[in-house]
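Okay, so here's the structure we're looking at.
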Amino acid sequence: MQERGNIMEAGTSFKRGIKAGVPIAVGYLPIAIAFGVLAKTLGIPSIVAMLMSLIVFAGASQFVGIKLMSLGALPIEIVLATFILNLRHFLMTSFIAQNLEKGTSKKLMPYLAFGITDETFAVASIEEKGEISPQFMLGLNLMAFCFWNIGTLTGLLMSSWIPEYIINGMGIALYAMFIGLVVPSMRTASPILIVALAAMAVNSAFYFVPVLSFVSPSWAIIISTVTAALLGSFLDGKGEVTND
Amino acid sequence: MTRLFVIVILMALVTYIPRLIPMLFLNGIKLPAKLEVFLKYIPYAALGALIFPGILDSTGDRLTAAVGGLVSIIFAYYRLNVIFVVFGGIGGVLLCNWLI
Numbered sequence: 001m002q003e004r005g006n007i008m009e010a011g012t013s014f015k016r017g018i019k020a021g022v023p024i025a026v027g028y029l030p031i032a033i034a035f036g037v038l039a040k041t042l043g044i045p046s047i048v049a050m051l052m053s054l055i056v057f058a059g060a061s062q063f064v065g066i067k068l069m070s071l072g073a074l075p076i077e078i079v080l081a082t083f084i085l086n087l088r089h090f091l092m093t094s095f096i097a098q099n100l101e102k103g104t105s106k107k108l109m110p111y112l113a114f115g116i117t118d119e120t121f122a123v124a125s126i127e128e129k130g131e132i133s134p135q136f137m138l139g140l141n142l143m144a145f146c147f148w149n150i151g152t153l154t155g156l157l158m159s160s161w162i163p164e165y166i167i168n169g170m171g172i173a174l175y176a177m178f179i180g181l182v183v184p185s186m187r188t189a190s191p192i193l194i195v196a197l198a199a200m201a202v203n204s205a206f207y208f209v210p211v212l213s214f215v216s217p218s219w220a221i222i223i224s225t226v227t228a229a230l231l232g233s234f235l236d237g238k239g240e241v242t243n244d
Numbered sequence: 001m002t003r004l005f006v007i008v009i010l011m012a013l014v015t016y017i018p019r020l021i022p023m024l025f026l027n028g029i030k031l032p033a034k035l036e037v038f039l040k041y042i043p044y045a046a047l048g049a050l051i052f053p054g055i056l057d058s059t060g061d062r063l064t065a066a067v068g069g070l071v072s073i074i075f076a077y078y079r080l081n082v083i084f085v086v087f088g089g090i091g092g093v094l095l096c097n098w099l100i
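Protein chains in written order, with the working numbering: chain A, 1 to 244; chain B, 1 to 100.
This is the structure we're talking about:
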């Protein structure tokens, strides 16, 4: 009976994960299509681009990857750029690992880890209050992974038929999703508001200040995230009477 | 062609390792309190950094991006479901594109 209850609960968590993955699917589809189209345009073999979506599964680094390939960059350059671009997932996965439901099977870890992207991390960390259910995470990851690959395939097959303004118009989708996730929490709690704004400010400095522009966007995101989270841990509990 | 396959496989490896290591070693481990508080703020810090200023370059036109972003912020402020925030943002961009 107990066992059956657990299985049913796992089933509902998985479905919740699938549902929570809908905004990611909407956001991934046009970007993945754009990736497929760009790969075609740059003359990258379709099977190479498809394999990239299947086993690398990390948006920005795939765009950089195919651009560098088309320029004939050294393999080490491409691999190193990919590593640095995706290093931020280390911070995100650390958060997920610490907040996973207690007693999550070790066997699931390789699958849970493979699906961590900016987007799955954002949805899981903000929408799962308290502990993160592994089944929720698997449903979420599956949605993201499927739509990323469906989009890539669509882009590769139909590269000449897709109007650019549609893809451009939808480029905002994932940013809107991030806004939809973070703004409600910024409304209520002041350290969270300060942390999110601080991260934006630090990242803007790297973007707008010419002397700092030698820092690549991928490092800028890591540095901004760490700085703002440090500020958060400094502010944490300040001003509260009931703090131990 | 083989060369490209090898590059993709190496890309997959260097992407997977930073995703896997914390999952294998940090799950179920009690971290020092300070590190725990630091991690607690990672989602908000990461989201802030991911949103801005990247959003400005998301549509190929800063004006449409700003309008789409503003619509998203308003929808999110009123706690609309994330999917409506997403469609609101896209709608804002398309509308702005159509007007200019």
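A virtual CB, placed ideally from N, CA and C, is assigned to each residue, including glycine.
Excluding residues up to 5 positions away in sequence, nothing lies with its Cβ nearer than 8 Å to the Cβ of Leu99(B) in the same chain. The Cβ atoms of Gly48(B) and Met200(A) sit closer than 7 Å to each other. Contact of Ile74(B) with chain A is not assigned, every C-beta pair being separated by 7 Å or more. No residue range can be given for Gly60(B), since it is assigned to no alpha helix (DSSP H) and is classified by DSSP as neither H nor E.
Judged by their CB atoms, Tyr41(B) and Val123(A) are not nearer to each other than the 7 Å cut-off. The C-beta of Tyr28(A) has 16 or more other C-beta atoms within 10 Å across all chains shown, which makes the residue buried. With respect to Ala32(A), Ala39(A) sits apart: the two C-beta atoms are not nearer than 7 Å.
Inclusion of Met177(A) and Val71(B) in the CB contact set at 7 Å is not warranted, their separation being larger than that value. In the three-state scheme derived from DSSP, where H, G and I count as helix and E and B as strand, Ile162(A) is classed as coil. One thing to note: Leu140(A) has its Cβ no nearer than 7 Å to the Cβ of Gly232(A). In this structure, Met23(B) sits away from Thr104(A), with a CB-CB distance that is not shorter than 7 Å. For Ile55(A), same chain residues with a beta-carbon under 7 Å away, outside a window of 5 residues either side, do not exist. Proximity of chain B to Val37(A) at the Cβ level (cut-off 9 Å) is not reached, the minimal Cβ distance being about 14 Å.
Taking Leu56(B) as the centre and dropping the five residues before and after it, the same chain places the C-beta of Arg62 and Ala65 closer than 6 Å to its C-beta, in chain order.
Scanning chain A for C-beta atoms nearer than 7 Å to the C-beta of Ala12(B) yields Ile55 and Val56, reported in chain order. Taking one beta carbon from each stretch, the region 147 to 160 of chain A and the region 129 to 136 of chain A have fewer than 3 pairs nearer than 8 Å; the two do not touch. Residue-level contact by beta carbon fails for Gln135(A) and chain B, as no gap is shorter than 7 Å. Separation of Ser218(A) and Ile84(A) (C-alpha to C-alpha, rounded to the nearest whole angstrom) is 7 Å.
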